[in-house]
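Okay, so here's the structure we're looking at.
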Amino acid sequence: MPGDQSAPPLAKLTEEDGLQAMAAAMLFHFPRLRVSLIKLLGNALCRWSVATNGDAGLGDTCCELILEAMLHGQSSESDEEVLIARLRASLAVLQSCPATDDAERSSLKLANVIAAWVVEQLGATYPTKNRLIGLRLDQRRHLALQHVAWPLCRDLLGAKMSSSVMARRAFCFFYLCARRLTGTGTHAVDDDADISGRVAFLREVFDSLVLSDALQAAPVFQSLLREKSSEARGASLFVQAWMAAATPHRSAAYELLLRLCAERLDVDSAAWVLVEAVMYRNAHGLNTDSWGLSPLGFDGPAPSPSALRQQLRTSTSTSSAAREQILALLPLL
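Set out below in structure tokens:
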């Protein structure tokens, strides 16, 4: 790749995506990937990818190959330096602001490559020291979600440019990471401090994504979920990600989510998340017999159908469509 960022990379001069991809595939044959090259590749993606410039740029396949080479290539420099460079380049790519809906869909493809690297590769090699020794692969991946993926999401949410676009990008990236989590066994480390830490993490996820513009209807969500209405699509994706992030404590996570939504029915996104959470609970047969036994940080019993019904009657900001859905689902709570 050229060092002069004012000129396009050579692959850009080839308009056909197949030929661009062939040029990008040569990066996998570099014997050693240096930090300086990682920076150049990240800059090239930010400036010349379709995700940033629309039609006039490097094609999707070419960009995905460049990104995979940047994230997975071997390096002769220290692991820490390379990891920091890759994380910085990944954040820069995630922060690229799309000009069109098609560009945002291309950004989603790049976010998916980064999500795979964070959860599947970093998750597999997550440092295991002291009391973390002996964790299974799925447990390491949960740690990668919480301590690598979520900080990237937090940086996206704090970005100054186009806050609604970056909030949606953070949500999509979180979903793409969470859906890669597997395993239903009990965590090896499960004392009150760890439960408290997981609850705090989930609360932050809720406050940051549901109470922002992240879940508002957007064309990019159709690429991830087609069978839902545009209003419910973001909420359904959020519930899926939430439950994946909370595995194996999904019943407690459902109670937590229901309580958080019940507190904020004045926010339309929270109302739709409540609808999708109840539907998820019944579709997956989550057991609610242990409600009130988990240290979730709430006082008093879980919200009853009658209490939620009264809240909906007094709420003026909840959309009529969400209100009708909640009222219909209250018997299934």
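All residue numbers for the sequence shown refer to my numbering, where the first residue is 1050 and numbers rise by one.
Using N, Cα and C, we set each Cβ at its ideal position, and we do this for glycine too.
Nearest-angstrom beta carbon gap, residue j and residue i [assumed within contact, 8 Å]
{"i": "A1219", "j": "S1145", "result": "With a Cβ gap of about 13 Å, A1219 and S1145 do not count as contacting."}
{"i": "L1159", "j": "C1112", "result": "6 Å"}
{"i": "H1191", "j": "L1230", "result": "6 Å"}
{"i": "A1138", "j": "M1119", "result": "6 Å"}
{"i": "F1223", "j": "A1295", "result": "About 13 Å; that fails the 8 Å criterion."}
Distance between residue j and residue i (C-alpha atoms, nearest Å)
{"i": "Q1123", "j": "F1255", "result": "37 Å"}
{"i": "K1277", "j": "I1115", "result": "33 Å"}
{"i": "C1095", "j": "L1186", "result": "32 Å"}
{"i": "D1315", "j": "A1164", "result": "32 Å"}
{"i": "G1389", "j": "A1193", "result": "Here the chain has residues from 1050 to 1382 only, and residue 1389 is not among them."}
{"i": "A1302", "j": "G1108", "result": "40 Å"}
{"i": "R1135", "j": "W1199", "result": "16 Å"}
{"i": "G1106", "j": "G1091", "result": "14 Å"}
{"i": "E1373", "j": "L1225", "result": "30 Å"}
{"i": "I1375", "j": "A1311", "result": "11 Å"}
{"i": "S1245", "j": "C1221", "result": "26 Å"}
{"i": "D1338", "j": "G1183", "result": "31 Å"}
{"i": "H1236", "j": "W1097", "result": "Caution is warranted here: a pLDDT of 48 is assigned to H1236, below 50, making its placement in the model unreliable, and the coordinate value is therefore given only provisionally. Cα to Cα, H1236 sits roughly 43 Å from W1097."}
{"i": "E1130", "j": "T1174", "result": "16 Å"}
{"i": "L1132", "j": "R1358", "result": "50 Å"}
{"i": "G1052", "j": "P1147", "result": "Per-residue confidence for G1052 stands at a pLDDT of 44, beneath the threshold of 50, marking its modelled position as unreliable; the derived number appears in the next sentence. Between G1052 and P1147, the C-alpha separation is close to 24 Å."}
{"i": "D1128", "j": "L1143", "result": "22 Å"}
{"i": "V1248", "j": "A1293", "result": "14 Å"}
CB contact flag (residue i, residue j, <9 Å)
{"i": "A1320", "j": "S1368", "result": "yes"}
{"i": "L1307", "j": "L1286", "result": "no"}
{"i": "D1262", "j": "S1213", "result": "yes"}
{"i": "R1228", "j": "L1305", "result": "no"}
{"i": "R1456", "j": "L1335", "result": "Only positions 1050 to 1382 of the chain appear in the structure, and residue 1456 is not among them; the question remains open."}
{"i": "A1267", "j": "R1313", "result": "no"}
{"i": "E1117", "j": "V1162", "result": "yes"}
{"i": "H1121", "j": "Q1188", "result": "no"}
7 Å CB neighbourhood of residue i in its chain, flanking five on each side removed
{"i": "A1370", "result": "E1280"}
{"i": "K1088", "result": "A1134 and A1138"}
{"i": "R1081", "result": "Q1123, S1124 and S1125"}
{"i": "V1288", "result": "V1322, E1325, A1326 and Y1329"}
Cβ shell of residue i (< 6 Å), same chain only, five flanking positions each side left out
{"i": "G1283", "result": "L1264 and F1270"}
{"i": "V1259", "result": "S1318, A1319 and V1322"}
{"i": "M1215", "result": "L1205 and A1208"}
{"i": "L1309", "result": "F1255"}
{"i": "S1257", "result": "L1206"}
{"i": "R1330", "result": "Y1303"}
{"i": "W1166", "result": "L1120"}
{"i": "L1086", "result": "none"}
{"i": "F1250", "result": "Q1195"}
8 Å CB neighbourhood of residue i in its chain, flanking five on each side removed
{"i": "S1272", "result": "R1154 and L1157"}
{"i": "R1083", "result": "S1124, S1125 and E1126"}
{"i": "L1274", "result": "R1282, S1285 and L1286"}
{"i": "L1378", "result": "V1324, V1327 and M1328"}
{"i": "A1332", "result": "none"}
Proximity test, Cβ basis, 9 Å: residue i and chain B
{"i": "I1115", "result": "Absent from the structure: chain B. Only one protein chain is present."}
At 4 residues or longer, what runs of the alpha helix (DSSP H) sit wholly inside the region 1214-1298? As summarised for the region 1214-1298, the continuous alpha helix (DSSP H) elements at least 4 residues long and confined to that stretch are 1241-1254 and 1279-1295, given in chain order.
At 4 residues or longer, what runs of the alpha helix (DSSP H) sit wholly inside the region 1123-1157?
Counting only runs of 4 or more, we get 1128-1143.
- Inside the region 1314-1347 only - alpha helix (DSSP H) runs reaching at least 4 residues: Entirely contained in the region 1314-1347, the alpha helix (DSSP H) runs reaching 4 residues are, in chain order, 1317-1333.
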